[in-house]
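Undergrad:
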Amino acid sequence: MVSRLKPCVSIAFDEKQLEEVVSKAKDWALMHGACMRSKTQFNSDALQFAPFVLIPSTFPRKQFEKAIYLQPIVNELIHAVANNHEFLKRSLAVTITVDPFTAELYNIYETVRSENSSQPIALGLLRSDVMLSDVIPGAQSSIPLSQKYQQRQVEVNTIAAGFGWLGPASGHLHRIVMEELSHGDKVTQMPENRALENLAGGMLKAWELYNRANAAILFVIEEVTYNICDQRFHEFEIRRQNPNVRVIRRNLTELGRGAAQLGPNKELIVDGSEIAVVYFRCGYSPDQYPSTDRCEWNARLLIERSKAIKCPNIAYHLAGTKKIQQTLAQPGVVEEILKDEDKARALRECFTGLYSLDLNDEGDRASEMAIQDPERFVLKPQREGGGNNVYGLEVKTTIERLRDSHERAAYILMDVIKPPLLRNWMIRPGSEPVLEDTISELGIFGVILGNSKEIFYNSVGGHMLRTKLHTANEGGVAAGLGALDSPFLV
Ligand code: ADP
Ligand code: MG
Ligand code: MG
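Residue numbers (the UniProt record's numbering): 1 to 490.
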């Protein structure tokens, strides 16, 4: 660990300025909606600023540009997977026998497929997450940052990929901080970020394709939305771009208890309004389907059956599972799906080791490897939203517990990525600034719209950077471990 320690806030400043600039930055965040609702002191009428790091983290320009370059290929790959029934079926065959949540999703997929889906078009608002990894582990500090690191893909999110607002907001915040610290000349090293415009624009493109002037956009939301600013800014941006389009917010329970109905031509009708586009910010986790009468699952099925354009549809949702990611990393698979050697090679360069834990020789070998050296791996179930993975010694104990159990196949194994450490000031609500050693994860948004035959639109959407303590396994901002950040390109 110590060899990775590189105290390096990207911007030098006199610490006497700290108190004043932190206070100003906090106020800016509060006044511009770089905020969330508090999980510990919940009050639906109050906001707290989201934790942030004071200084934008350095990030190698070459790797940033590469991630941007790759995003349309990632989009294309996910689209191709989602439209490949044989591949989804084959890849998830074992998983759905051991993981009830994935099985529920898969059943909806097959049910709607057998009924001839009424909406062939899908909208993907994706986010591909990467971390930097040493190309030469422990390389000399004299090697420039731009050459020392390669990016490794953590995952691709196909449902409820957040930070389309908080990403750009962090960039605005950091520009203010840089100016305050007399480094305004360097803001040119902070890339433009139009995530909000592009994501809202993607929804509006889908709305236009649906082609009904009075139809609304439905945001499917959690029972309690902590990340409220991020969501609401998407809503306000939709109105800004097209004042005629209304956004309705409902949770799955409400939708399943009568708010959602199908019209005579499978129109999705929510409390009297026809819905053109459904944007899921919820529905990726079993606890978001709590009712014993399965009303949330009924709502999900009803939406899937409808002719509204889904973001994501159930096939896109399945395409984002960890099992699909692991399957794609096997030799020849990305190549088979993309049918383009150059694109496949470029993507594959960013993969890290991913291993199946199915109950066969391959899974046994991977299990043995993880038991021998658990710190080298992350164990992942088919879940989203953070806080579900297993790290360190627990990798060993979990795999040992699952030895010879079918349940083992519900997980995949992944090499741990070790990003460089950067020292930065962590600013949290109600706390003094603390200088911490941090690591970052870059997310690139992608927007894709198409059907099984044609892609109408495929583009990069913008970016977000999240930074966490180097000791934290995961960096959820709402969970209080992660902090907003933005890249400072070098
Ligand atoms: P989720 O879908 O729940 O976000 P992720 O695969 O993104 O699941 O894992 C959550 C977090 O765990 C990531 O944001 C990252 O901080 C950490 N993580 C996941 N995979 C790795 C890995 N291979 N190496 C290092 N950290 C990882
Ligand atoms: Mg995810
Ligand atoms: Mg993630």
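Every residue gets a Cβ at the ideal spot worked out from N, C-alpha and C, and that includes glycine.
Give the C-beta separation of L393 and P374 to the nearest angstrom, bearing in mind that I take them to be a contact with Cβ-Cβ under 8 Å.
TA: Numbered from its first residue, the sequence shown carries residue 393 at position 393. Numbered from its first residue, the sequence shown carries residue 374 at position 374. Yes, L393 and P374 are in contact; Cβ-Cβ is about 6 Å, under 8 Å.
Undergrad: Give me the Cβ distance between F445 and G462, rounded to the nearest whole Å; I'm assuming they're in contact under 8 Å.
TA: Numbered from 1 along the sequence shown, position 445 holds the residue referred to as residue 445. Numbered from 1 along the sequence shown, position 462 holds the residue referred to as residue 462. 5 Å between Cβ atoms; contact.
Undergrad: In the DSSP assignment, what residue or residues form a beta bridge with F42?
TA: Locating residue 42 in the sequence shown gives position 42, counting from the first residue. DSSP lists no partner for F42.
Undergrad: Cβ of E155 versus every heavy atom of ligand 2: is any distance shorter than 8 Å?
TA: Taking the sequence shown and counting its residues from 1, the one referred to as residue 155 is at position 155. For ligand 2, at least one heavy atom lies less than 8 Å from the Cβ of E155.
Undergrad: Beta carbon of V416: closer than 8 Å to some heavy atom of ligand 1?
TA: Position 416 of the sequence shown, counted from the start, is the residue given in the question as residue 416. Yes, Cβ of V416 sits closer than 8 Å to a heavy atom of ligand 1.
Undergrad: Within the present structure, is the beta-carbon of D129 separated from the nearest heavy atom of ligand 1 by less than 8 Å?
TA: As a first step, residue 129 must be located in the sequence shown, where it is residue number 129. D129: yes, Cβ under 8 Å from ligand 1.
Undergrad: Among F377, S91, Q189, G171, which has the Cα closest to the Cα of V490?
TA: What you label residue 490 is simply residue 490 of the sequence shown in a count that begins at 1. Of the listed residues, the one whose Cα sits closest to V490 is Q189.
Undergrad: Whose CA, out of G332, E384, L354, lies closest to the CA of Y284?
TA: Here residue 284 refers to the residue found at position 284 of the sequence shown. The shortest Cα separation from Y284 among G332, E384, L354 belongs to E384.
Undergrad: Can you name the residues that DSSP bridges to H79?
TA: What you label residue 79 is simply residue 79 of the sequence shown in a count that begins at 1. None, per the DSSP bridge assignment.
Undergrad: CA-CA distance, E237 and K339?
TA: Counting from 1 along the sequence shown, the entry for residue 237 is found at position 237. Counting from 1 along the sequence shown, the entry for residue 339 is found at position 339. Rounded to the nearest angstrom, the two C-alpha atoms are 37 Å apart.
Undergrad: Between A25 and C35, which are expected to be in contact by the criterion C-beta below 8 Å, what is the C-beta distance as a whole number of angstroms?
TA: Stepping through the sequence shown from its first residue, residue 25 is reached at position 25. Stepping through the sequence shown from its first residue, residue 35 is reached at position 35. The pair is not a contact, with the Cβ atoms about 13 Å apart (cut-off 8 Å).
Undergrad: From the DSSP output, in three-state form, read off F351 for me.
TA: Here residue 351 refers to the residue found at position 351 of the sequence shown. Correct three-state label for F351: coil.
Undergrad: Can you tell me whether A67 is helix, strand or coil according to DSSP?
TA: For the purposes of this step, residue 67 is taken as residue 67 along the sequence shown, with counting starting at 1. Of the three classes helix, strand and coil, the one that applies to A67 here is helix, per DSSP.
Undergrad: Helix, strand or coil: how does DSSP classify N198 here?
TA: Looking up residue 198 in the sequence shown gives position 198. Note: N198 maps to helix in three-state DSSP.
Undergrad: Would you check if there are 3 or more beta carbon pairs closer than 8 Å linking the region 394-402 to the region 82-101?
TA: Too few Cβ pairs lie closer than 8 Å, so no.
Undergrad: Give the C-beta separation of G443 and D129 to the nearest angstrom, bearing in mind that I take them to be a contact with Cβ-Cβ under 8 Å.
TA: In the sequence shown, residue 443 corresponds to position 443, counting from 1. In the sequence shown, residue 129 corresponds to position 129, counting from 1. Right, their Cβ atoms sit about 5 Å apart.
Undergrad: Can you tell me whether S486 is buried or exposed? The criterion is at least 16 other CB atoms within 10 Å of its CB, across all chains shown.
TA: To locate residue 486, count along the sequence shown from 1; it is residue 486. Result: buried.
Undergrad: Measure the C-alpha to C-alpha separation of Q325 and E155 and round it to an integer number of angstroms.
TA: Taking the sequence shown and counting its residues from 1, the one referred to as residue 325 is at position 325. Taking the sequence shown and counting its residues from 1, the one referred to as residue 155 is at position 155. Looking at the two C-alpha atoms, the distance is approximately 7 Å.
Undergrad: What does the Cβ neighbour count give for G33, buried or exposed, with the cut at 16 atoms within 10 Å?
TA: As a position in the sequence shown, residue 33 is number 33, starting the count at 1. With 16 or more Cβ atoms within 10 Å of its Cβ, G33 is classed as buried.
Undergrad: On the DSSP bridge list, what partners appear for N157?
TA: Translated into positions along the sequence shown, residue 157 becomes position 157. Bridge partners of N157: R127.
Undergrad: CB of G386 to nearest heavy atom of ligand 5: below 8 Å?
TA: Among the ligands in the structure shown, ligand 5 does not appear; only ligand 1, ligand 2 and ligand 3 can be found there.
Undergrad: Could you tell me if A12 is buried or exposed, where buried requires 16 or more neighbouring beta carbons within 10 angstroms of its beta carbon?
TA: Numbered from its first residue, the sequence shown carries residue 12 at position 12. Exposed, because fewer than 16 other Cβ atoms sit within 10 Å of the Cβ of A12.
Undergrad: Relative to the C-alpha of P191, which residue among G171, W207, F351, S273 is closest?
TA: Translated into positions along the sequence shown, residue 191 becomes position 191. Of G171, W207, F351, S273, the residue nearest in Cα terms is G171.
Undergrad: DSSP three-state call for S170: helix, strand or coil?
TA: In the sequence shown, residue 170 corresponds to position 170, counting from 1. If DSSP states are grouped into helix, strand and coil, S170 belongs with the helices.
Undergrad: Kindly examine ligand 2 and report whether one of its heavy atoms sits closer than 8 Å to the Cβ of G476.
TA: Walking along the sequence shown from the start, residue 476 turns up at place 476. Checking every heavy atom of ligand 2 against the Cβ of G476, none is found closer than 8 Å.
Undergrad: Is the region 237-246 touching the region 202-212, taking contact as three or more C-beta pairs under 8 Å?
TA: As far as the Cβ criterion goes, the region 237-246 touches the region 202-212, which means the pair count is three or higher.
Undergrad: Can you give me the start and stop residues for the alpha helix (DSSP H) that E86 sits inside?
TA: Translated into positions along the sequence shown, residue 86 becomes position 86. First-last of the alpha helix (DSSP H) with E86: 85-92.
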